[in-house]
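Numbering (the numbering used here), first residue to last: 1 to 94.
Right, here's the structure in full:
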């Protein structure tokens with residue numbers, strides 16, 4: 001799936017589907033915090049301790065701007081890179 005397909009899927013999701021996705025994401029995040037890890041990465045409080053390897057793409061606070069996210073995903077080729085190499089997408093903001 002490419003960035004445009006992700007955007008289009010998000011655009012046609014109805015309220016119950018979005019609520020389900022948000023609840024599922026919250027459940028996964030809670031479980032990861034309780035476990036203290038995500039795969040090989042360790043979680044300390046609300047932070048993920050990444051190993052000093054691979055590439056990091058740092059994204060500023062988007063304030064919900066989906067078009068900017070799609071542009072970032074395309075220009076960084078994140079969706080392709082993440083399947084070939086260790087690549088992390090790091091979001092800054094509140």
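Glycine included, C-beta positions come from ideal geometry on N, C-alpha and C. All of these numbers come straight from a predicted model, not from anything done at the bench.
**Q.** Residue range of the unbroken beta strand (DSSP E) whose run includes residue 41
**A.** First-last of the beta strand (DSSP E) with residue 41: 41 to 44.
Q: Could you check the C-alpha separation between residue 55 and residue 1 for me, to the nearest Å?
A: Whole-angstrom Cα-Cα distance: 21 Å.
**Q.** Alpha-carbon spacing of residue 18 relative to residue 39, whole angstroms
**A.** A direct Cα-Cα distance of roughly 26 Å separates residue 18 from residue 39.
**Q.** Whole alpha helix (DSSP H) elements within the region 70 to 94, 4-residue minimum
**A.** Those alpha helix (DSSP H) runs which fall completely within the region 70 to 94 and span 4+ residues are 78 to 84.
Q.
Looking only at its chain, what residues have a beta carbon closer than 8 Å to the beta carbon of residue 57, apart from the 5 residues adjacent to it on each side?
A. Excluding residues within five positions, the ones whose Cβ falls inside 8 Å are 72, 76, 78, 87, 88, 89 and 90.
Q) Expressed to the nearest angstrom, what Euclidean distance is found between the alpha-carbon atoms of residue 13 and residue 23? A) Cα-Cα distance, rounded: 15 Å.
Q | Proximity winner among 64, 53 and 44, relative to residue 104 (alpha-carbon distances) | A | Because the chain spans 1 through 94 in this model, residue 104 falls outside it and cannot be assessed.
Q) If residue 92 and residue 60 are in contact, beta carbons under 8 Å, what's the gap, nearest whole angstrom? A) Their Cβ separation, rounded to whole angstroms, is 5 Å, which keeps residue 92 and residue 60 in contact under 8 Å.
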